[in-house]
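Participant: Sharing a structure, written as structure tokens. Questions coming.
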Amino acid sequence: MKRDHSDDEDDYMNFVVEEQPTEVSYQQKRIKQLNQQQQKGYNKPKELQRREDLDVALSTEISSENKGFQMLQKMGYKKGQGLGNTKDAITEPIQITLSSAKDKSGIGNREYKFETVKEKNLKEAKFKDGTKTFLNDRQKLYKEKIHEADLKKLRLSCMTMDEQNAITSNEFWPTDLQKKPVRTLGQYNTEIVEEDEEKDEESFESKPVDEKVEIVNSYLREKYFYCLWCGCVYKDEADLERNCPGDEREDHDE
1 MKRDHSDDED
11 DYMNFVVEEQ
21 PTEVSYQQKR
31 IKQLNQQQQK
41 GYNKPKELQR
51 REDLDVALST
61 EISSENKGFQ
71 MLQKMGYKKG
81 QGLGNTKDAI
91 TEPIQITLSS
101 AKDKSGIGNR
111 EYKFETVKEK
121 NLKEAKFKDG
131 TKTFLNDRQK
141 LYKEKIHEAD
151 LKKLRLSCMT
161 MDEQNAITSN
171 EFWPTDLQKK
181 PVRTLGQYNT
191 EIVEEDEEKD
201 EESFESKPVD
211 EKVEIVNSYL
221 REKYFYCLWC
231 GCVYKDEADL
241 ERNCPGDERE
251 DHDE
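Note that the sequence shown covers residues 1 to 254 in full-length UniProt numbering.
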């Protein structure tokens with residue numbers, strides 16, 4: 001049986017290629033989802049909606065149709081006035097601070113946290129004050145030791161230079177090397193005169209260490225043109241003033 005070519009041509013023309021399904025991307029899915037939400041209407045989170053409703057309510061004045069407002073008007077209240085007899089009565093609603101829905105600690109716990117932070121700050125302040133006081137005390141003690149060392153050197157230098165200049169006694173000399181005054185009791189008897197136990201407030205030994213340093217240092221500079229911190233004796237006052245940095249230790253530290 002001979003096949004008709006026209007049948008083959010019809011079959012070819014009627015052939016339909018099936019479209020292969022394409023994979024939908026994440027972006028396309030997201031766009032489709034957003035379109036569906038927009039069509040259905042977007043629902044705000046409850047907490048956000050609650051805050052917005054409260055803001056609207058607080059910013060909206062009470063209507064004159066409100067029963068409570070009408071009652072206040074009958075009692076003499078006028079719009080814009082504050083409640084009560086005081087002139088500084090508030091006329092605006094008290095602002096309400098909302099806590100986050102995630103904050104389930106409660107008011108009492110927040111107050112406890114505030115007190116804890118306050119106590120911590122006080123402890124830190126006391127610690128800083130204590131540290132500052134400690135450092136000041138240490139610095140003061142260090143300066144006193146420096147003054148004591150300088151005073152010892154000054155008194156020894158004073159004794160040496162005085163003796164070289166035929167001076168036999170001076171209250172600026174070291175106390176353990178000072179010659180005790182002697183009183184004659186008879187032809188052959190003598191006794192050492194002891195110092196009074198209570199020293200005169202105006203005496204050299206009763207003064208603070210730093211003041212003693214200043215006094216002995218001034219004595220040596222004026223009488224012998226000597227500077228402890230330079231470590232030398234100058235020719236005269238002019239030479240001392242010209243070459244010595246100053247009459248204090250700090251002047252020689254630079």
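From the three backbone atoms N, C-alpha and C, an ideal C-beta is built for every residue, glycine too. Model, not experiment: these values are computed from the prediction.
Quick test of your reading: D162 and N170, contact by CB under 8 Å. State the CB separation rounded to the nearest angstrom.
Facilitator: Confirmed, about 5 Å.
Participant: List the endpoints of the continuous alpha helix (DSSP H) containing A166.
Facilitator: A166 -> no alpha helix (DSSP H), and no H or E assigned at all.
Participant: Quick one: using the 10 Å Cβ neighbour count with 16 as the cut-off for buried, is K118 buried or exposed?
Facilitator: With fewer than 16 Cβ atoms within 10 Å of its Cβ, K118 is classed as exposed.
Participant: Could you give the residue range of the alpha helix (DSSP H) that holds I62?
Facilitator: Unbroken run through I62: none, as it is neither H nor E.
Participant: Among A125, K126, G130, V216, which one has its Cα closest to the Cα of D150?
Facilitator: When each option's Cα is compared against that of D150, the closest is V216.
Participant: Give me the Cα-Cα distance between E222 and K235, rounded to the nearest whole angstrom.
Facilitator: Going by the C-alpha atoms only, they are around 12 Å apart.
Participant: Among the candidates C232, A238, G231, D247, whose CA atom is the shortest distance from the CA of V213?
Facilitator: Comparing Cα positions, the closest option is D247.
Participant: Smallest Cα separation from E241: which of G231, C227, E250, R249?
Facilitator: That would be C227, whose Cα lies nearest to the Cα of E241.
Participant: For Y219, report the span of its alpha helix (DSSP H) as first-last.
Facilitator: Its alpha helix (DSSP H) spans residues 209 to 224.
Participant: Can you look up E202 in the DSSP assignment and give me helix, strand or coil?
Facilitator: E202 falls in the coil class under three-state DSSP.
Participant: Once DSSP output is grouped into helix, strand and coil, what is the label at C158?
Facilitator: Of the three classes helix, strand and coil, the one that applies to C158 here is helix, per DSSP.
Participant: Within its chain, find whatever has a CB closer than 6 Å to the CB of F69; leave out the 5 residues flanking it on each side and keep chain order.
Facilitator: Result list for F69: I62, in chain order.
Participant: I'd like the list of long-range same chain contacts for T116, defined as Cβ closer than 7 Å, with 5 residues on each side in sequence excluded.
Facilitator: So no residue of the chain qualifies.
Participant: What's the C-alpha gap between C232 and Y224?
Facilitator: Between C232 and Y224, the C-alpha separation is close to 10 Å.
Participant: Kindly list the residues whose CB is nearer than 6 Å to the CB of M159, restricted to its own chain and excluding five residues on each side of it in sequence; keep chain order.
Facilitator: So the qualifying residues of the chain are W173.
Participant: Find the nearest neighbour of N66 within the set S157, K79, D55, judged by alpha-carbon distance.
Facilitator: N66 has its Cα closest to that of K79, out of S157, K79, D55.
Participant: Within this structure, are the beta carbons of P245 and D251 separated by less than 7 Å?
Facilitator: Closer than 7 Å, so yes.
Participant: Please report the residue range of the alpha helix (DSSP H) in which E250 lies.
Facilitator: E250 -> alpha helix (DSSP H) spans 249 to 253.
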